[in-house]
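Let me begin by presenting the structure, written as C-alpha cells, before commenting on it.
There are 2 protein chains.
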Amino acid sequence: MTPTSTEETGTWAESARERISEAGLRRSTPRQRVVDLLDQQDCAITALEIDARLDRVGRATVYRAIEQLEELGLVRKVDLGGSAFGYEKVEPSGHHHHHIVCDECGKVEPFEDDALEEAIHEIHRKGFKLESHEVTLHGHCSDCD
Amino acid sequence: MTPTSTEETGTWAESARERISEAGLRRSTPRQRVVDLLDQQDCAITALEIDARLDRVGRATVYRAIEQLEELGLVRKVDLGGSAFGYEKVEPSGHHHHHIVCDECGKVEPFEDDALEEAIHEIHRKGFKLESHEVTLHGHCSDCD
DNA sequence: CTTATACTGAGATTGAATCTCATTATTATC
DNA sequence: GATAATAATGAGATTCAATCTCAGTATAAG
Ligand SMILES: [Zn+2]
Ligand SMILES: [Zn+2]
Ligand SMILES: [Zn+2]
Ligand SMILES: [Zn+2]
C-alpha cells in the first residue's frame, strides 16, 4: 500500500512546474532538480544544503532558482536563528506551519495553531496590502534547560 | 510641555546598566555608548549603523555589546528582510511591537496587536519552555502596489 | 598606587550570498 | 531534424555582514 504515501506528493512540484512555465522561464534540468529537492522536504532547508546535495548543479543556479521561486510565491524564506536562512515550499492550499526554535542548541520544530492564524488574519494595516507572515517562537528545549 | 516626552526615557538604559553590573560586566564607556544609542531608538537599528554612528568605538565592541545585551534579554534581534539584522531594546515592562515589511521597497513599520499577543500567549509546546517570539507581516506598501 | 584582568579596537578572517562571463541547453521556427 | 535566438548554467571572483586575533588599555578591587 504505497500509493497513499505518494498521492499527495508532487502537488507542489506540479504547481511549481506550471507556474515556472507561465512565468516564461525554461524548464531546465538544474532548476527542476532544485524544485524536486525542495518538494521532498517537510520543513526548511538552507541554500547551501541544497547545493551540497545536488552534484553538478552550481551554487549560483541554486540561489537563482530559490530567488525565482520566492518571487513566484512558491517558496518562503525563514529565519531559523542560525547563520543561514532556510527555504521551504509554499503549499498552493495555503496550508502552512511556523517554527519554534531552541536558542541554546538551535533545534527547530514546526507547529501549527489555528487561533494564531485567525488573529493574524484579522490584522489590517492602512497603507499595506498584507500577503504573508512569519512567526517564530523562541525558547529552550528540554535538552537545554 | 516637554517633561511628558522624557519621563519614560531612560527606563530601559537604567535597567540595562543595572543588569550589566549584576552580570559582573564592567561599565566601560564604549559599552555605555552602545546602550545609550540603542535607548534612543524607537525601532530596530543594525549593528553597522551603530558602528557608523559611534566614532572611536570599534566594530568588534559593537557586536560584542549587542551579543551580551541579547544574552541578558535586554535586546532583541529582528529579521527585517534586508541584508543585515536589526536590534532593538526589550522594555522591562514586556511591552513590545512587531513589524510589517514591504517586500518591494523594504519599508518597515512597527505595529501592536493585543489579540495576536493573546493567541501567542496561549500556545504551549511540550518539551519547550517558550520565552519570546517574533512576528513579521509581509506585503506591499501603498507606494509599491 | 598596584595588581589582576576584563575590555577594547585595528585589522585579518570567515562564510553566506551575489556577481561575472564564457559556455551550454532550451525553445521556437523552418 | 537542423538552425537561430536567447535563456540558463557554473566555476570562480567578489561583496559584505559578522566573527576572530591579539597587543595594548581601562576598570575595579585591595
Ligand atoms: Zn518549516
Ligand atoms: Zn501562519
Ligand atoms: Zn521595531
Ligand atoms: Zn508579541
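Sequence lines, in order, name chains E and U. Read left to right, the first sequence gives residues 1 to 145 (the numbering used here). Read left to right, the second sequence gives residues 1 to 145 (the numbering used here). Quick reminder that beta carbons are idealized off the backbone N, C-alpha and C, glycines included. Since we're looking at a predicted model, the values are computed, not measured.
Exposed unless 16 or more other CB atoms sit within 10 angstroms - verdict on residue i
i	result
U:GLU88	buried
E:GLU134	buried
U:TRP12	buried
E:LEU48	exposed
E:ARG27	exposed
E:GLY139	buried
U:LEU116	buried
U:SER5	Because the pLDDT of U:SER5 is 45, which lies under 50, any placement of that residue in the model is unreliable, and the number read from its coordinates should be weighed accordingly. Counting Cβ neighbours within 10 Å, U:SER5 comes out exposed, since fewer than 16 surround it.
E:THR136	buried
E:ARG31	buried
E:HIS95	exposed
E:ALA60	exposed
U:ALA52	exposed
E:GLU65	The sequence as given places Ala at residue 65 of chain E; Glu does not occur at that position. Buried, by the Cβ-count rule.
N-terminal and C-terminal residue of the beta strand (DSSP E) that residue i is part of
i	result
E:SER132	128-141
E:GLU147	Residue coverage of chain E in this structure runs from 1 to 145, which leaves residue 147 of chain E outside it and unanswerable.
U:CYS102	98-102
Three-state secondary structure (DSSP) of residue i
i	result
E:VAL75	strand
U:LEU110	Sequence inspection shows Pro at residue 110 of chain U; the Leu mentioned does not correspond to that position. It is a strand residue.
U:HIS121	helix
E:VAL57	coil
E:GLU7	Confidence at E:GLU7 is low in this model, with a pLDDT of 48, below 50, so its placement is unreliable and the value that follows should be read with caution. E:GLU7 falls in the helix class under three-state DSSP.
Contact under 9 Å by Cβ, residue i with residue j
i	j	result
U:ASP79	E:ASP79	yes
E:GLY106	E:ALA44	no
E:VAL34	E:LEU69	yes
U:PHE128	E:GLU109	yes
U:SER15	U:PRO92	yes
U:LEU74	U:VAL62	no
E:CYS102	E:ASP36	no
E:HIS98	E:ASP114	no
U:GLU118	E:ALA119	yes
E:SER76	E:VAL90	Note that residue 76 of chain E is Arg in the sequence shown, not Ser. Going by C-beta atoms, E:ARG76 is nearer than 9 Å to E:VAL90.
E:ILE50	U:PHE111	no
U:THR46	U:GLY81	no
U:LEU25	E:ILE100	no
Boundaries (first-last residue) of the alpha helix (DSSP H) holding residue i
i	result
E:VAL35	29-40
U:SER15	11-22
Chain U contacts from the region 119-130 of chain E (Cβ-Cβ distance under 8 Å):
Taken in chain order, the members of the region 119-130 of chain E whose beta-carbon sits within less than 8 Å of a beta-carbon on chain U are ALA119, ILE120, GLU122, ILE123, ARG125, GLY127, PHE128, LYS129, LEU130.
* To do: Name, going along the chain, the residues of the region 54-81 of chain E whose beta-carbon falls closer than 7 Å to a beta-carbon of chain U.
  => Cβ proximity to chain U below 7 Å picks out ASP79 from the region 54-81 of chain E.
Using a Cβ-Cβ cut-off of less than 8 Å, list which residues of the region 93-122 of chain U approach chain E; keep chain order. ILE100, CYS102, ASP103, GLU109, PHE111, ASP113, ALA115, LEU116, GLU118, ALA119, ILE120, GLU122
Residues within the region 21-54 of chain U neighbouring chain E, beta-carbon criterion of under 7 Å:
none
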